[in-house]
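Peer 1: Before we start, here is the structure in question, set down as structure tokens.
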Ligand code: PSU
Ligand code: MN
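Numbering (my numbering), first residue to last: 7 to 315.
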């Protein structure tokens, strides 16, 4: 066990018995959705994972300790604090640990802690990516670099079109990250089921995904994988509506000079406001959908015969 890491007792028991565990991030709670729906959703997502046969491990840094598995009170604390809590990506981790601070982990930081704990499957809403305008701003999410180096499979609904999805896929290709579509040949664009961009392969069963994960790591390739799971059709947003909200949020961010780590939380909050509650409802449904697939993939992965070393 890593000296800085605390496993929740349920997570420790499951990992010791090689039972399926699914990691969950906490920036989606503090910076991805408004209170109180954020904490409510995080708790529902955990239940969804339990119902589907796996143990949830929501990840954060609390008082300088890396946590895999939070209490209800800790989840509510992060949800209530919202943007007041630190958003922690790879470069922020050492500082927070040294100061014994509390922070919500992005996809990148969650992957790091999941890998330390021995958790191979992680479910969330959307990953960070290459921002529109990145050729000038250099704003490329640390999530992509983490996917390139840390062996965790991330189940998501693709990425929001606040990002440049084409450049995001180019980056993942360059860095050797397989992008698998669950029952789709197209990268989903978070609120909508398609983007016009192809994934590397379509997978129709969680067991097929688990075998690709096993092969990736058996080959000694240390990268993670993106498992792209489209939002259920009944919860998808009309494309024109979401595109208009995203265009306005991007224009406001530019006008206000928002940059760096503030950029994604600003855009997420503006898109939620501009579409009223509708995009939030879609967001919640797609996260629950990803929790179900994450649990199924973790169950399938745990059931594979152990690799021969
Ligand atoms: N995209 C979403 N919801 C989110 C995030 C991204 O649709 O909550 C969060 C995730 O925690 C992701 C982070 O890891 O934003 C990316 O931030 P940045 O672009 O600053 O790397
Ligand atoms: Mn960024």
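Note that CB positions come from ideal geometry on N, CA and C, so glycine has one too.
Grouping DSSP H, G and I as helix and E and B as strand, with all else coil, what is residue 136?
Peer 2: If DSSP states are grouped into helix, strand and coil, residue 136 belongs with the strands.
Peer 1: In chain order, what residues of the same chain lie with their CB nearer than 6 Å to the CB of residue 319, ignoring the 5 residues before and after it?
Peer 2: Outside the displayed span of the chain (7 to 315) sits residue 319, for which this structure offers no information.
Peer 1: Report the rounded CA-to-CA distance for residue 102 versus residue 259, giving the unit in angstroms.
Peer 2: 27 Å
Peer 1: So the candidates are 47, 41, 21, 54; which of them puts its Cα closest to the Cα of residue 298?
Peer 2: 54
Peer 1: Is any heavy atom in the ligand PSU found nearer than 7 Å to the beta carbon of residue 190?
Peer 2: Result no, Cβ not under 7 Å from the ligand PSU.
Peer 1: With residue 273 and residue 256 assumed to form a contact (beta carbons below 8 Å), what rounded beta-carbon distance in angstroms separates them?
Peer 2: With a Cβ gap of about 7 Å, residue 273 and residue 256 count as contacting.
Peer 1: If you follow the beta strand (DSSP E) that residue 93 is in, where does it begin and where does it stop?
Peer 2: 92-94
Peer 1: Is the stretch 287-297 touching the stretch 128-144, taking contact as three or more C-beta pairs under 8 Å?
Peer 2: Flag = yes, the stretch 287-297 and the stretch 128-144 touch.
Peer 1: Using CA coordinates, which residue listed in 153, 265, 216 is at the minimum distance from residue 143?
Peer 2: 265
Peer 1: To the nearest angstrom, how far is the alpha carbon of residue 74 from that of residue 201?
Peer 2: 33 Å
Peer 1: Count the other C-beta atoms from every protein chain shown that fall within 10 angstroms of the C-beta of residue 21, then say buried if there are 16 or more, exposed otherwise.
Peer 2: Residue 21 should be labelled buried.
Peer 1: Using a threshold of 8 Å, state whether the C-beta atoms of residue 65 and residue 109 are closer than that.
Peer 2: No. Outside cutoff.
Peer 1: Can you name the residues that DSSP bridges to residue 62?
Peer 2: 28
Peer 1: Would you call the stretch 38-51 and the stretch 147-166 in contact, with 3 or more CB pairs under 8 Å?
Peer 2: no
Peer 1: Between which residues of its own chain and residue 87 is the CB-CB distance below 7 Å, once the five residues before and five after are set aside?
Peer 2: 36
Peer 1: Report whether the distance from the Cβ of residue 266 to the nearest heavy atom of the ligand MN is below 7 Å.
Peer 2: yes
Peer 1: Taking contact to mean at least 3 C-beta pairs separated by less than 8 Å, is the stretch 189-207 in contact with the stretch 220-231?
Peer 2: no
Peer 1: Quick one: give me the first and last residue of the beta strand (DSSP E) that residue 73 is part of.
Peer 2: Where residue 73 is concerned, the enclosing beta strand (DSSP E) stretches over 71-74.
Peer 1: So does residue 269 have its beta carbon nearer than 7 Å to some heavy atom of the ligand MN?
Peer 2: yes
Peer 1: Out of 270, 288, 59, which one is the CA nearest neighbour of residue 169?
Peer 2: Comparing C-alpha distances from residue 169 to each of 270, 288, 59 shows the shortest one belongs to 270.
Peer 1: Specify the secondary structure class of residue 221 as computed by DSSP and reduced to three states.
Peer 2: Per DSSP, reduced to three states, the secondary structure at residue 221 is helical.
Peer 1: If you run the structure through DSSP and keep just helix, strand and coil, what is residue 273?
Peer 2: helix
Peer 1: Locate the alpha helix (DSSP H) running through residue 149, then write down its first and last residues.
Peer 2: Note, residue 149: alpha helix (DSSP H), 148-155.
Peer 1: If we ignore side chains and look at the alpha-carbon of each, how far apart do residue 61 and residue 118 end up?
Peer 2: 18 Å
Peer 1: Shorter than 7 Å, the distance from the beta carbon of residue 149 to the closest heavy atom of the ligand PSU, or not?
Peer 2: It does: the Cβ of residue 149 is within 7 Å (strictly closer) of some heavy atom of the ligand PSU.
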